[in-house]
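Undergrad:
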Amino acid sequence: MGAPESDKLRYVYDLFGKMSRYDMNYLYHGDFSPSLTDSILSFAESSLTSIGESVKMRKKVYFIMVESLQNITRHQEAGHKPEGSSFFIIQGVQNGYFITSGNHVASHLVPNLRSRLDMVNSLDPANLKAYSQELLEAGALSQKGGAGLGLIEMARRSGNKLHYDFVEQAKDISFFYYQIKVFAPESNGHANYSDSFEFAQELHRLLIARNINIVYQGGFSNENVSGVLQMIEGSFAEKNSDFLSKQVFSVIVELLHNIYEHADSFEIDAEAKPGIFLIGMEGNDYVITTGNLVLTSKTEALHHRIEKLNNLGEADLKRMMSEVREKKEIAGKVGSEFGLEDIRTKCSGKIVYSMQPVNERYSFFTMQVRITDK
Numbered sequence: 000m001g002a003p004e005s006d007k008l009r010y011v012y013d014l015f016g017k018m019s020r021y022d023m024n025y026l027y028h029g030d031f032s033p034s035l036t037d038s039i040l041s042f043a044e045s046s047l048t049s050i051g052e053s054v055k056m057r058k059k060v061y062f063i064m065v066e067s068l069q070n071i072t073r074h075q076e077a078g079h080k081p082e083g084s085s086f087f088i089i090q091g092v093q094n095g096y097f098i099t100s101g102n103h104v105a106s107h108l109v110p111n112l113r114s115r116l117d118m119v120n121s122l123d124p125a126n127l128k129a130y131s132q133e134l135l136e137a138g139a140l141s142q143k144g145g146a147g148l149g150l151i152e153m154a155r156r157s158g159n160k161l162h163y164d165f166v167e168q169a170k171d172i173s174f175f176y177y178q179i180k181v182f183a184p185e186s187n188g189h190a191n192y193s194d195s196f197e198f199a200q201e202l203h204r205l206l207i208a209r210n211i212n213i214v215y216q217g218g219f220s221n222e223n224v225s226g227v228l229q230m231i232e233g234s235f236a237e238k239n240s241d242f243l244s245k246q247v248f249s250v251i252v253e254l255l256h257n258i259y260e261h262a263d264s265f266e267i268d269a270e271a272k273p274g275i276f277l278i279g280m281e282g283n284d285y286v287i288t289t290g291n292l293v294l295t296s297k298t299e300a301l302h303h304r305i306e307k308l309n310n311l312g313e314a315d316l317k318r319m320m321s322e323v324r325e326k327k328e329i330a331g332k333v334g335s336e337f338g339l340e341d342i343r344t345k346c347s348g349k350i351v352y353s354m355q356p357v358n359e360r361y362s363f364f365t366m367q368v369r370i371t372d373k
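Residue numbers are given in numbering that gives the first Met the number 0: position 44 of the sequence shown equals residue 43, and the series is strictly consecutive.
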């Protein structure tokens, strides 16, 4: 069930399914700025606190995230981006986290960097600590793309080896991926995620192929929605100073609250609703996609509601825009019962959607809208 274009949304359901083996996934692909890194760190800190993560684990994850993000901003090769920019992903599982980063490096640096990474991975904890202290006392600084103190400290603090890979992308330019695994001492759960590094690289390729900048998959609660909005602001507002006042931001707010307030869940009375949010740019268009579970009993009414909205002419849309504005003022909040109508009046073209059966009780509802940046 869905619009004729809905087949192209199948990948969202597939992606949601693959990501659901993790408790939470946050991905960013693009240029990293100080405001963006601050918003990512703030979101992670509040998320770790809200789920009751131990102070020790929070500090360890936060440190590794800081180092990973600083490494990206310090070493990303400006002007040499054949297939996009840098990459960051944090994935949460029970008792642990996978933090994967990537940035472009000059290919002539790769042999030396590979050698130094292998050396770091060969050291036991005591020798790794001694090596770190030796570099610190010597005042050794990392050259661009080099395995400096940041990477060494991440390996030391995590207690795990650095997983890394280099992918040649163009003449003289390679993409450097590395992953840090952070787990509670008593946990051996990472044994079930041996493919996590390859999966992170697969996700990066998907983001490049589909021009996606941000993906969040996990629980959507009021707190998480606020954090996701903050990251979106950090990503786009720096490039577009009036981003927050534009229609696109208000549509993003509505779409996120639509998941939080109207999605269904496998768990009864779950405060955080499972879902996925994606945003990217295609030319001058923001392409925003959401996906979440709905009761199959609701899908027919939802289908007719969207079809009715999609079939409205320009005059009807203008009239509805005025009516929705008045009703929203009365309701006094976003995420109200008029959310879909509000979204339709602001998007460039029809709402593209699909409803994929999950089981007898639930379906997966995917919705995508485009908004032209004016």
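Here a beta-carbon is modelled for each residue, glycine too, at the ideal position from N, C-alpha and C.
None of the values given here were measured: they were computed from a predicted structure.
My output table needs one value for F86: the three-state DSSP class, helix, strand or coil.
TA: Correct three-state label for F86: strand.
Undergrad: Please state whether the Cβ-Cβ distance between S85 and Q229 is less than 8 Å.
TA: For S85 and Q229, no; Cβs fall outside 8 Å.
Undergrad: Pop quiz: M319 and E340 are said to be a contact at Cβ under 8 Å. What is the actual Cβ separation, rounded to whole angstroms?
TA: At roughly 6 Å, the Cβ-Cβ gap stays under 8 Å, so M319 and E340 are in contact.
Undergrad: Applying the 10 Å Cβ sphere with the 16-neighbour rule, what's the burial state of I213?
TA: Its Cβ being crowded by 16 or more others within 10 Å, I213 is buried.
Undergrad: Thinking C-beta only, is Y25 closer than 8 Å to T365?
TA: Their beta carbons are not under 8 Å apart, which means T365 does not touch Y25 by this criterion.
Undergrad: With distance defined between alpha-carbon atoms, name the residue in H107, H256, S38 and G51 nearest to M64.
TA: M64 has its Cα closest to that of S38, out of H107, H256, S38 and G51.
Undergrad: Report all residues from its chain with a CB closer than 6 Å to the CB of L148; omit the five preceding and five following residues, and keep chain order.
TA: Counting only Cβ-Cβ distances below 6 Å, and skipping sequence neighbours, we find L134.
Undergrad: First and last residue of the alpha helix (DSSP H) that includes I98?
TA: Segment G95 to A105 is the beta strand (DSSP E) holding I98; no alpha helix (DSSP H) there.
Undergrad: Between which two residues does the alpha helix (DSSP H) holding A199 run?
TA: S195 to A208 is the extent of the alpha helix (DSSP H) around A199.
Undergrad: Can you tell me whether M153 is buried or exposed, with buried defined as 16 or more other CB within 10 angstroms of its CB?
TA: By the neighbour-count rule (16 or more Cβ atoms within 10 Å), M153 is buried.
Undergrad: Could you check which residue in G95, N102 and D22 has the C-alpha nearest to that of H28?
TA: Checked all of G95, N102 and D22; the closest Cα to H28 is N102.
Undergrad: So, for V60: in the same chain, excluding its five sequence neighbours on each side, which residues have a beta-carbon less than 6 Å away from its beta-carbon?
TA: Answer for V60: Y96 and V181, listed in chain order.
Undergrad: Measuring only the C-alpha atoms, how far is R369 from N310?
TA: Rounded to the nearest angstrom, the two C-alpha atoms are 16 Å apart.
Undergrad: Where does S32 fall in DSSP's three states?
TA: In this structure, S32 counts as coil in the three-state DSSP scheme.
Undergrad: Work out the CA separation of D284 and I278 for me, nearest whole Å.
TA: Roughly 10 Å between the two C-alpha positions.
Undergrad: From S141 to S157, what does the alpha carbon distance come to, in whole angstroms?
TA: Any answer about S141 is weak, because its pLDDT of 48 lies below 50 and its placement is not dependable; what the coordinates show is given next. Cα to Cα, the separation comes out at about 20 Å.
Undergrad: Name the one or two DSSP bridge partners that T289 has.
TA: Paired residues: F276 and M366.
Undergrad: Of all the options I275, V247, Q246 and S249, which has the alpha carbon lying nearest to the alpha carbon of Y259?
TA: Minimum Cα distance to Y259 is reached at I275.
Undergrad: Nearest to K245 by CA position, among F265, T371 and A271, is which residue?
TA: Of the candidates F265, T371 and A271, the one whose C-alpha sits nearest the C-alpha of K245 is T371.
Undergrad: Ignore the nearest five residues each way along the sequence and tell me which others in V224's own chain have a CB closer than 6 Å to its CB.
TA: L255 and Y259.
Undergrad: Name the two residues that bound the continuous alpha helix (DSSP H) containing E270.
TA: E270 -> no alpha helix (DSSP H), and no H or E assigned at all.
Undergrad: On the DSSP bridge list, what partners appear for N24?
TA: N24 is bridged to Q90 and Q216.
Undergrad: If you run the structure through DSSP and keep just helix, strand and coil, what is A169?
TA: DSSP places A169 in strand when its eight states are reduced to three.
Undergrad: Taking the alpha carbon of I342 as the point to measure from, which residue in K272, F219 and T289 has its own alpha carbon closest?
TA: Cα-wise, what sits closest to I342 is T289.
Undergrad: Pick helix, strand or coil for K128, following the three-state DSSP scheme.
TA: Helix.
Undergrad: Checking 8 Å against the spacing of the C-beta atoms, do L292 and A262 come in under that value?
TA: The answer is yes: Cβ separation under 8 Å.
Undergrad: Taking 7 Å as the limit between beta carbons, can you name the residues of its chain near S362, skipping five residues before and five after?
TA: These residues qualify, in order along the chain: V293, T295, T298, M354, Q355 and P356.
Undergrad: Since I151 and L127 are thought to touch, with beta carbons under 8 Å apart, how far apart are those beta carbons, to the nearest angstrom?
TA: Sure, about 7 Å apart at Cβ, within 8 Å.
Undergrad: Relative to the C-alpha of T99, which candidate in I231, L122 and E66 has its C-alpha closest?
TA: Closest option to T99, Cα to Cα, is E66.
Undergrad: Alpha carbon to alpha carbon, what distance is there between V252 and G334?
TA: Its pLDDT being 47, under 50, G334 is placed unreliably in this model, and the value from its coordinates should be taken loosely. Distance between the alpha carbons of G334 and V252: 8 Å.
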